[in-house]
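Q: After the structure tokens below, expect a handful of questions from me.
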Amino acid sequence: MSKLTIAIDAMGGDVGPHIPILAALKSLQLHPNLYVIIVGNRTQLLPFFKKNQLLEHPRLNLIHADNEISMEVNPVYALRHTSDSSMHIALKLVSQGKADACVSAGNTGALMLLAKQALKTLPGISRPALISSIPNMHLGHTYMLDLGANLQCDSQTLFNFAVMGSVLCEKVDQINSPRVSILNVGKEKNKGGDVIQRCAELLKHTKHINYAGFVEANELFTCRSNIIVTDGFSGNIALKSCEGMGRVFSEQLDKAINSSLYSKLLGKLLRPILKKQLKHLHPDMYNGASLIGLRGIVVKSHGSANEIAFTCAIEHAIQEIQWQIPASISKKLETVLSERDGLLHE
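Numbering (the working numbering), first residue to last: 230 to 575.
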């Protein structure tokens, strides 16, 4: 097995640097060929490293960063004034070829701007997109992009998202000709604005993309599409609405189970069944949104991710390294973009 190296921004996120480090240790146990570089403030991290005897770990390295980028910092300010931050240094390790991927739970806007500056976009791609998987009752999961990196998109950008999502699904899930749909306000062909309509036409006439039409928001978890394409504004709202509804459902279920002695007894009997059936819906299993369209691999973890969730984000990065996702996207773009350009000039 070839060596894999991941740089982790340990200072990003809301829960402290111990979570990324614990997740890294878990991933190191699972992957004997994995090496991890922890980037963060050495003064803050050293006590944890010493307490857990990590300084002598053969596959774990610590690189000092003077500063960190908080969640409140303006992304443009971060781009101009944070060259000594843990996020910037972790991305620089990827751009220098010292790491194969970067994982961060930090400021999303800052991560996007810094990653684009450090790694550059692939030829033919003007904007990277955030892609992640969501539960699907029929397929196990469905990929959705963009989830917030680009609030407004033109038809060509959405088209590129479809290509990138297709490549990720083909490689990671080993699905030939995955089905691609566009999120819309209706399934009828005449629904949606000009941008969506034009993107649909481009996809419809591109033989290298398996276009499956429109999907509505109420079909996100039940559709037969492997990839759902949308702009970052709609995608982020849809994702966070689902996350909020999931929390409400979980809280109401716990409240109902603990409402009486009878319900508590019934809940004790049902809990193992519910746990098994609902395991694939747990948000921790879907943590990790990839910033695809770059020349390097960057995975964004949720800011409040626990150890299990952050480990899932690292696993996403490992899969993308193994399948060489940036190179695969670039190769497919060479084939598809000439076809798209021909359609645009008709």
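Note that CB positions come from ideal geometry on N, CA and C, so glycine has one too.
Find the nearest neighbour of Asn270 within the set Phe450, Ser256, Ala239, judged by alpha-carbon distance.
A: By 1-based counting over the sequence shown, the position of residue 270 is 41. For Asn270, the nearest C-alpha among the options comes from Ala239.
Q: Pairs of beta-carbons, one from the segment 492–503 and one from the segment 522–538, closer than 8 Å: are there three or more?
A: No, the segment 492–503 is not in contact with the segment 522–538.
Q: In this structure, how does DSSP classify Val302 when only helix, strand and coil are distinguished?
A: Residue mapping note: residue 302 aligns to position 73 of the sequence shown, counting from 1. Looking at Val302 - three-state DSSP - the assignment turns out to be coil, as it is neither helix nor strand.
Q: How many whole angstroms separate the CB atoms of Val409 and Val458, which I take to be in contact at a CB cut-off of 8 Å?
A: Here the question's residue 409 lines up with position 180 in the sequence shown. Here the question's residue 458 lines up with position 229 in the sequence shown. Yes, Val409 and Val458 are in contact; Cβ-Cβ is about 6 Å, under 8 Å.
Q: If you reduce the DSSP assignment to three classes, tell me which class Ser324 lands in.
A: In the sequence shown, residue 324 corresponds to position 95, counting from 1. Note: Ser324 maps to helix in three-state DSSP.
Q: Taking the straight line between their C-alpha atoms, what separation do you get for Ala236 and Ile456?
A: Here residue 236 corresponds to residue number 7 of the sequence shown, with the count starting at 1. Here residue 456 corresponds to residue number 227 of the sequence shown, with the count starting at 1. If I take the Cα positions, the gap works out to 28 Å.
Q: Expressed to the nearest angstrom, what Euclidean distance is found between the alpha-carbon atoms of Tyr491 and Asp483?
A: On the sequence shown, residue 491 is found 262 positions in, with the first residue counted as 1. On the sequence shown, residue 483 is found 254 positions in, with the first residue counted as 1. C-alpha separation (whole angstroms): 14 Å.
Q: When DSSP labels each residue in this structure, what does Arg309 get in the three-state scheme?
A: Locating residue 309 in the sequence shown gives position 80, where the first residue counts as 1. The answer is helix: DSSP assigns Arg309 an H, G or I state.
Q: With the cut-off set at 9 Å, would you say Leu368 and Arg453 are in Cβ contact?
A: Residue numbering aside, residue 368 sits at position 139 when the sequence shown is read from its first letter. Residue numbering aside, residue 453 sits at position 224 when the sequence shown is read from its first letter. For Leu368 and Arg453, yes; Cβs fall inside 9 Å.
Q: From the DSSP secondary-structure annotation, give me the bridge partner or partners of His370.
A: Indexing the sequence shown from 1 puts residue 370 at position 141. Answer by DSSP bridge pairing, in chain order: Pro364.
Q: What first and last residue would you give for the alpha helix (DSSP H) that runs through His293?
A: By 1-based counting over the sequence shown, the position of residue 293 is 64. Element bounds for His293: not the alpha helix (DSSP H) but the beta strand (DSSP E), 289–293.
Q: Drop a sphere of 10 angstroms on the beta-carbon of Phe539, count the other beta-carbons inside from all chains shown, and report buried for 16 or more, exposed for fewer.
A: Taking the sequence shown and counting its residues from 1, one reaches residue 539 at position 310. It counts as buried.
Q: Excluding the 5 residues flanking Val396 on each side, which residues of the same chain have their C-beta closer than 8 Å to its C-beta?
A: If you number the sequence shown from 1, residue 396 lands on position 167. Answer for Val396: Ile554, Ser557, Ile558, Lys561, listed in chain order.
Q: Return helix, strand or coil for Lys529, following the three-state DSSP convention.
A: Translated into the one-based positions of the sequence shown, residue 529 becomes position 300. Lys529 falls in the strand class under three-state DSSP.
Q: Under 8 Å Cβ to Cβ from Ala441, same chain only, skipping five residues before and after it: list those, please.
A: Within the sequence shown, numbered from 1, the residue matching residue 441 stands at position 212. Excluding sequence neighbours, Ala441 sits near Arg408, Val409, Ser410, Arg453, Ser454.
Q: Tell me whether the beta-carbon of Leu289 lies closer than 9 Å to the beta-carbon of Pro246.
A: The residue you call residue 289 lines up with position 60 of the sequence shown. The residue you call residue 246 lines up with position 17 of the sequence shown. No, the Cβ-Cβ distance between Leu289 and Pro246 is not below 9 Å.
Q: Considering Phe443, what are the terminal residues of the beta strand (DSSP E) in which it resides?
A: Indexing the sequence shown from 1 puts residue 443 at position 214. Counting along the chain, the beta strand (DSSP E) containing Phe443 begins and ends at 439–444.
Q: For the alpha helix (DSSP H) that contains Ala252, what are its first and last residues?
A: Counting from 1 along the sequence shown, the entry for residue 252 is found at position 23. Its alpha helix (DSSP H) spans residues 247–259.
Q: Does the segment 344–356 touch the segment 429–441, meaning 3 or more C-beta pairs lie closer than 8 Å?
A: Judged by Cβ distances under 8 Å, the segment 429–441 makes no contact with the segment 344–356, as fewer than three pairs qualify.
Q: What separation, rounded to the nearest whole angstrom, lies between the Cα atoms of Pro285 and Ile266?
A: Counted from its first residue, the sequence shown places residue 285 at position 56. Counted from its first residue, the sequence shown places residue 266 at position 37. The residue asked about is misnamed: residue 285 is Glu in this sequence, not Pro. Distance between the alpha carbons of Glu285 and Ile266 is about 13 Å.
Q: Mind checking whether Val185 and Glu549 have CB atoms under 9 Å apart?
A: Because residue 185 is not part of the residues shown, which for the chain are 230 to 575, the question remains open.
Q: May I ask which residues mark the beginning and end of the beta strand (DSSP E) holding Ala330?
A: Taking the first residue of the sequence shown as 1, we reach residue 330 at position 101. From DSSP, the beta strand (DSSP E) with Ala330 extends over 330–333.
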